[in-house]
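Colleague: Here it is, the structure, as structure tokens.
Residue numbers (this note's numbering): 46 to 236.
And the structure:
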């Protein structure tokens, strides 16, 4: 159909844009809204995306923790604990790998797990809406909306029971264009 191929063009334009960056650093804020508690939990920190390694979330508040996401593993490290999850064994890793696929501009990997509801691209900004394909993912979330310009600026995950998670990215930069020793050491944990 015409709309499907137009969609595909918009999607590939968005992903080509995202695929340009090898290394991105940003500040992030995550707002997790739990409808049943009528509460929003906010956490924030910094994010490092390295195309050849994965995504490193360094949460600063409310607790300090590092989350290292690669194509194969998800590692969570706090001052006292360390846990490792094989990507294919954790439902939540679907969300974690989604960022990896979005940020690296990997539309093929994304297409395995998600249907594209809509995609619009313009030089001033793009947005894309996705719904999960697998039964496992459908248990977790209903749809995902992402928007940005040169980089991903905002991701909204609509979950079951009217819950949602919004992640905002700010101050994105491609400098310094190499990993620091500390960042590299964290990625080495996931090797």
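Think of the CB as a built atom: it goes at the ideal place given N, C-alpha and C, for glycine as much as any other residue.
In the DSSP assignment, the beta strand (DSSP E) including residue 158 goes from what residue to what residue?
Modeller: On the chain shown, position 113 is the one that residue 158 refers to. It is not in any beta strand (DSSP E) - residue 158 instead sits in the alpha helix (DSSP H) that spans 152-158.
Colleague: Using DSSP's beta-bridge definition, name the partner residues of residue 86.
Modeller: Within the chain shown, the letter at position 41 stands for residue 86. Note: residue 86 sits in a beta bridge opposite 77.
Colleague: Sort 183, 187, 102 and 151 by Cα distance to residue 74 and report the nearest one.
Modeller: On the chain shown, residue 74 is found 29 positions in, with the first residue counted as 1. Comparing Cα positions, the closest option is 102.
Colleague: Enumerate in chain order the residues of its own chain whose CB-to-CB distance from residue 163 is below 8 Å, with the five nearest sequence positions on each side excluded.
Modeller: For the purposes of this step, residue 163 is taken as the residue at position 118 of the chain shown. If we look at residue 163 and ignore the five residues flanking it on each side, its Cβ neighbours are 52, 172, 173 and 174.
Colleague: Is the beta carbon of residue 186 less than 8 Å from the beta carbon of residue 204?
Modeller: Stepping through the chain shown from its first residue, residue 186 is reached at position 141. Stepping through the chain shown from its first residue, residue 204 is reached at position 159. Yes. Within cutoff.
Colleague: Would you mind reading off the limits of the alpha helix (DSSP H) that contains residue 231?
Modeller: By one-based count along the chain shown, residue 231 stands at place 186. It spans 226-234 - the alpha helix (DSSP H) in which residue 231 sits, taken as one unbroken run.
Colleague: On the DSSP bridge assignment, give the partners of residue 190 in chain order.
Modeller: Position 145 of the chain shown holds residue 190. Partner(s): 174 and 201.
Colleague: Got a sec? Which residues, its chain only, sit under 8 Å from residue 95 by beta carbon, not counting five neighbours each side?
Modeller: If you number the chain shown from 1, residue 95 lands on position 50. The residues are 67, 68, 101, 224, 228 and 232.
Colleague: Taking the alpha-carbon of residue 236 as reference, which of 82, 55, 146 and 130 has the nearest alpha-carbon?
Modeller: Here residue 236 corresponds to residue number 191 of the chain shown, with the count starting at 1. Taking only the C-alpha atoms, the option nearest residue 236 is 130.
Colleague: For residue 46, I'd like the list of residues in its chain whose CB is within less than 8 Å of its CB, leaving aside the five on either flank, ordered along the chain.
Modeller: Mapped onto the chain shown, residue 46 falls at position 1. Legend: pLDDT at residue 46 = 47, less than 50; position of this residue unreliable, no value from coordinates given.
Colleague: Contact check, residue 179 vs residue 158 under 8 Å by CB: the rounded distance?
Modeller: Residue numbering aside, residue 179 sits at position 134 when the chain shown is read from its first letter. Residue numbering aside, residue 158 sits at position 113 when the chain shown is read from its first letter. Confirmed, about 7 Å.
Colleague: Expressed to the nearest angstrom, what Euclidean distance is found between the alpha-carbon atoms of residue 87 and residue 72?
Modeller: Translated into positions along the chain shown, residue 87 becomes position 42. Translated into positions along the chain shown, residue 72 becomes position 27. Their Cα atoms are separated by approximately 13 Å.
Colleague: Taking 6 Å as the limit between beta carbons, can you name the residues of its chain near residue 155, skipping five residues before and five after?
Modeller: Start at 1 with the first residue of the chain shown, and residue 155 comes out as number 110. For residue 155, where only same-chain residues beyond five positions count, the Cβ hits under 6 Å are 146.
Colleague: Can you look up residue 98 in the DSSP assignment and give me helix, strand or coil?
Modeller: Counting from one through the chain shown, the residue named residue 98 turns up at place 53. Three-state result, residue 98: coil.
Colleague: Using the C-alpha atoms, what's the distance from residue 54 back to residue 78?
Modeller: For the purposes of this step, residue 78 is identified with residue 33 of the chain shown, where counting begins at 1. For the purposes of this step, residue 54 is identified with residue 9 of the chain shown, where counting begins at 1. Each residue's Cα considered, the two are about 33 Å apart.
Colleague: May I have the straight-line CA-CA distance separating residue 84 from residue 106, to the nearest angstrom?
Modeller: Within the chain shown, the letter at position 39 stands for residue 84. Within the chain shown, the letter at position 61 stands for residue 106. The straight-line gap from Cα to Cα measures roughly 17 Å.
Colleague: With 16 as the cutoff for other CB atoms within 10 Å, does residue 63 come out buried or exposed?
Modeller: In the chain shown, residue 63 corresponds to position 18, counting from 1. Flag for residue 63 reads buried.
Colleague: On the three-state DSSP scale, how would you describe residue 169?
Modeller: Translated into positions along the chain shown, residue 169 becomes position 124. DSSP places residue 169 in coil when its eight states are reduced to three.
Colleague: Could you pull the DSSP bridge partners for residue 111 from this structure?
Modeller: In the chain shown, counting from the first residue as 1, residue 111 sits at position 66. Answer by DSSP bridge pairing, in chain order: 103 and 122.
Colleague: Could you tell me how far apart the beta carbons of residue 114 and residue 142 are, in whole angstroms, since I believe they sit closer than 8 Å?
Modeller: Here residue 114 is taken as the residue at index 69 of the chain shown, counted from 1. Here residue 142 is taken as the residue at index 97 of the chain shown, counted from 1. Right, their Cβ atoms sit about 7 Å apart.
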